[in-house]
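This report concerns only the one structure given below.
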Amino acid sequence: MFPPALIAEAAVNGLLAGAAYALVALGLTLVYGVLHIVNFAHGALLTCAMFAAWGLHAAFGLDPYLSIPPLALAFFAFGYALQRWVIGPSSHGDDGNTLLVTLGLSIVLENALLALFRSDTRTLGGDAGFDVVEVGPMLLSRPRLIGFGVALLTAALLWALLSATDTGRAIRAVAKEKLGAQLVGIDPRHVYAVTFGLGCACLAVAACLLLPTFYVNPRVGNAFVLVAFTIVVLGGMGSIPGALLGGLFVGLVESLGGLFLGDSLGQLGIFVIFILVLLFRPTGLFGAKA
Amino acid sequence: MKARDILPGLLVLALLALAPLVASNAALNFLLSSLIVALAAQGWNLLGGYAGQLSFGHAAFFGTGAYATAILQLRYGVNAWAGLAIGVALGALVGWMIGFLSFRARLRGSYFALVTLAFAEVLRILANAFDLTGGAAGLLIRMAPGAANLQFPSRATFLWLVLAIVAAVLLLTAWIAGGRMGARLVAVRENEDAARALGVDALRVKLGAIALSGGITAAAGCLYAQNFLYLDANIAYGTWISVEVLIACILGGSGTVLGPVIGALALHGAGEAAKIALNGIAGPVPGIDLMLFGALLILAVAFLPQGVMGGLRRAARGLAR
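The listed protein sequences derive, respectively, from chains A and B.
Be aware that the first sequence starts at 1, since it is given in the numbering used here, and climbs by one per residue.
Be aware that the second sequence starts at 1, since it is given in the numbering used here, and climbs by one per residue.
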């Protein structure tokens, strides 16, 4: 058996990593909750954001934390354009089609990055990844602690935006009753695109938080996409608190699974949870209705 | 089954059978891998095209077929042909089990797509971790050319075998599509509740579709293993095959008899052409063929609702008018 201190440290590190997962899942669950589509390109868009953050650092020496505001804005615009002019029109309003179009999009984005940057793995360099803080008997990574804080802050901001602004009200109106929203003068196509843009902005924030401790290559998003789906399903499709709790839980499972089963089988836990939740509780642990 | 539906398909396959007379070895290899993907796509078509259940995880069946053939030969000395038969049966069984679990839980649409993807990933991780499947190092099938070992010194013979199997599945698909089973599949695709109200046992129909689909795609996996004599988890259970069969069907026309074959050939042809064209200008660009695949998928969904076959049918109707 492992000493309790080691397990505790793995658990805390898992929770910290889970915050980044939660942020990735937040964008996915928002898009699902409003547009009722599964955005398969989410992972590839995350990869794009990570490359953008890496590029800003490599070209201008910009600290990834400082890249958060410009990248979030840029990805909001990118997401808006994608949904408004590519995904929306080409899906003809059919869920299966949306799934296929976003799958196509993810293949295009991933391989465009592969063509541009080749399959090399890149990191920020420097020793930011090894920067640790001593908390009691545990050594915790400083970038991950910052990531944890910023992820919670982003979730709070998103929640405030949805509950207190006119845009948020319009988003919730379209999510609940599309026809009714249309009747009071809301353009659902615009709202859909704004929601998709917000989802992408969440990804940009997540990318900037991940970069100091993670690597970038054209396939890195794949590691996150199924994890994010698991979190979204676990937390209940469309639920923001669900995505947060689900993210922390999955981070915990992955970290402890890796400790007890080894790295290659540790991933298995996530997929098994995913399948079990889909089969036995498809509304998620926190979801209210089917 | 009307002759009009299958004659063009059989004609195309017969023409391809003449390829060894003129084509180089490299061209035959290209044709072989395209046809193996076409066979796997024919399997996807029954479930995704006719029954309307989008699967993102057909690698689960492809890999099961490939590993079954390889492991039975290597570890148990089973004859390759018997390995092929057992691989097909195991593929059907895995299909039935995945179907039983997910259809019983009433997973549809995106949920079904995601759960199939997760099943395929679980199998990939397991195959990568255990000794039986050779772990991360993979499995190497011993080279022993001879018809009894399902290995052929000449590419042409292997091509004819694959063509014969593709033709057989073509006939099977046409027979199913023209019969009661096909009508039930389409009924479930178009409106499951209405189909059930008319007395169609939707669960049984879908289970039949996924088992058959799994068996056919597993056959493609077996042939892949025999063709390349090597596999590892990322080849056999990799997402590449799930994605390629799906795109081939959508592009060619999902829910049509000939769609998957036309789609697979068109897809690989276009990918190869793009690689060659770009090679001349910019040197090798990795991922260019896949980029094209993704773009073709989006374009097909946006502008060709029934793929190339649907487009051809519309064009033919336009000419007849």
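Just so it is clear, CB atoms sit at the ideal spot from N, CA and C, and this is done for glycine as well.
Predicted, not measured: the structure shown is a model, and the values here were computed from it.
Chain B within 9 Å of residue i, Cβ atoms only
i	result
residue 257 of chain A	no
residue 118 of chain A	yes
residue 171 of chain A	no
residue 275 of chain A	yes
residue 254 of chain A	no
residue 106 of chain A	yes
residue 288 of chain A	For residue 288 of chain A, the predicted model reports a pLDDT of 47, less than 50, meaning its position is unreliable; a value from the coordinates is still stated below. Taking Cβ atoms only, chain B never reaches closer than 9 Å to residue 288 of chain A, which makes this a no.
residue 238 of chain A	no
residue 90 of chain A	yes
residue 78 of chain A	no
residue 182 of chain A	no
residue 37 of chain A	yes
residue 112 of chain A	yes
residue 83 of chain A	no
Residue i, DSSP secondary structure in three states
i	result
residue 290 of chain A	Below a pLDDT of 50, predicted positions are generally treated as unreliable, and residue 290 of chain A, at 39, falls in that range; no measurement from the model is reported.
residue 77 of chain B	coil
residue 62 of chain A	coil
residue 134 of chain A	strand
residue 39 of chain B	helix
residue 317 of chain B	helix
residue 122 of chain A	strand
residue 67 of chain A	coil
residue 52 of chain B	coil
residue 304 of chain B	coil
residue 154 of chain B	coil
residue 13 of chain A	helix
residue 146 of chain B	strand
residue 141 of chain A	strand
residue 18 of chain B	coil
residue 139 of chain B	strand
residue 116 of chain B	helix
residue 403 of chain B	Here chain B has residues from 1 to 321 only, and residue 403 of chain B is not among them.
residue 283 of chain A	coil
residue 36 of chain A	coil
residue 33 of chain B	helix
9 Å Cβ cutoff, residue i in contact with chain A
i	result
residue 97 of chain B	no
residue 141 of chain B	no
residue 157 of chain B	no
residue 171 of chain B	no
residue 260 of chain B	no
residue 176 of chain B	no
residue 281 of chain B	no
residue 224 of chain B	no
residue 56 of chain B	yes
Of the residues the options, the one placed nearest residue i, counting alpha carbons only
i	options	result
residue 75 of chain B	B/142, B/59 and B/10	B/142
residue 234 of chain A	A/101, A/202, A/275 and A/20	A/275
residue 8 of chain A	A/217, A/106, A/135 and A/68	A/135
residue 176 of chain B	B/242, B/228, B/139 and B/255	B/255
residue 29 of chain B	B/162, B/314, B/216 and B/65	B/162
residue 250 of chain A	A/239, A/137, A/142 and A/272	A/272
residue 185 of chain A	A/171, A/198 and A/197	A/171
residue 73 of chain A	A/202, A/281 and A/224	A/202
residue 12 of chain B	B/31, B/24 and B/26	B/31
residue 61 of chain B	B/45, B/318, B/309 and B/221	B/221
residue 241 of chain A	A/169, A/158, A/11 and A/108	A/158
residue 305 of chain B	A/107, A/94 and A/164	A/94
residue 65 of chain A	A/175, A/124 and A/162	A/124
heavy atom of the ligand MN below 8 Å from residue i C-beta
i	result
residue 245 of chain B	This structure lacks the ligand MN, and indeed carries no ligand of any kind.
- Take every Cβ of the segment 134–142 of chain B, pair it with every Cβ of the segment 237–255 of chain B, and state whether three or more of those distances are shorter than 8 Å. no
- Message: As an exercise, report each continuous beta strand (DSSP E) stretch of at least 3 residues that is fully enclosed by the segment 196–260 of chain B, in chain order.
- Response: none
- Item | Cβ contact (3+ pairs, closer than 8 Å) linking the segment 82–96 of chain B and the segment 194–205 of chain B | They do not touch, by the three-pair rule.
- Of all the beta strand (DSSP E) runs that stay within the bounds of the segment 200–254 of chain A, which reach a length of 3 or more residues? Correct list: empty.
- What are the complete alpha helix (DSSP H) segments, minimum 4 residues, inside the segment 165–191 of chain A? 166–176 and 178–183
- Determine contact between the segment 241–258 of chain A and the segment 13–23 of chain A, defined as no fewer than three beta-carbon pairs at a distance below 8 Å. Touching, per the Cβ criterion.
- Message: Check whether the segment 114–121 of chain A and the segment 215–230 of chain A are in contact - that is, three or more C-beta pairs closer than 8 Å.
- Response: yes
- Query: If you pair each beta-carbon of the segment 258–272 of chain B with each one of the segment 27–46 of chain B, do three or more pairs fall below 8 Å?
  - Reply: yes
- Query: Considering only residues of the segment 73–107 of chain A, which uninterrupted alpha helix (DSSP H) runs meet the minimum length of 4 residues and lie entirely inside it, listed in chain order?
  - Reply: Restricting attention to alpha helix (DSSP H) runs no shorter than 4 residues, the segment 73–107 of chain A encloses them at 88–91, ordered along the chain.
- Does the segment 96–116 of chain B come close enough to the segment 263–276 of chain B that 3 or more CB-CB pairs lie under 8 Å? Between the segment 263–276 of chain B and the segment 96–116 of chain B there are fewer than three C-beta pairs closer than 8 Å, too few to call the two in contact.
- Query: Using 8 Å as the Cβ pair cut-off and three pairs as the minimum, do the segment 36–56 of chain A and the segment 85–104 of chain A touch?
  - Reply: yes
- Item | Given 8 Å, three or more beta-carbon pairs between the segment 45–53 of chain B and the segment 221–229 of chain B | Per the Cβ contact rule, the segment 45–53 of chain B is not in contact with the segment 221–229 of chain B (fewer than 3 Cβ pairs under 8 Å).
- Message: So, does the segment 294–307 of chain B touch the segment 79–91 of chain A, judging by three or more C-beta pairs under 8 Å?
- Response: Contact check between the segment 294–307 of chain B and the segment 79–91 of chain A: three or more CB pairs, one atom from each, fall below 8 Å, which counts as touching.
- When the Cβ atoms of the segment 182–201 of chain A are set against those of the segment 64–84 of chain A, are three or more pairs found closer than 8 Å? yes
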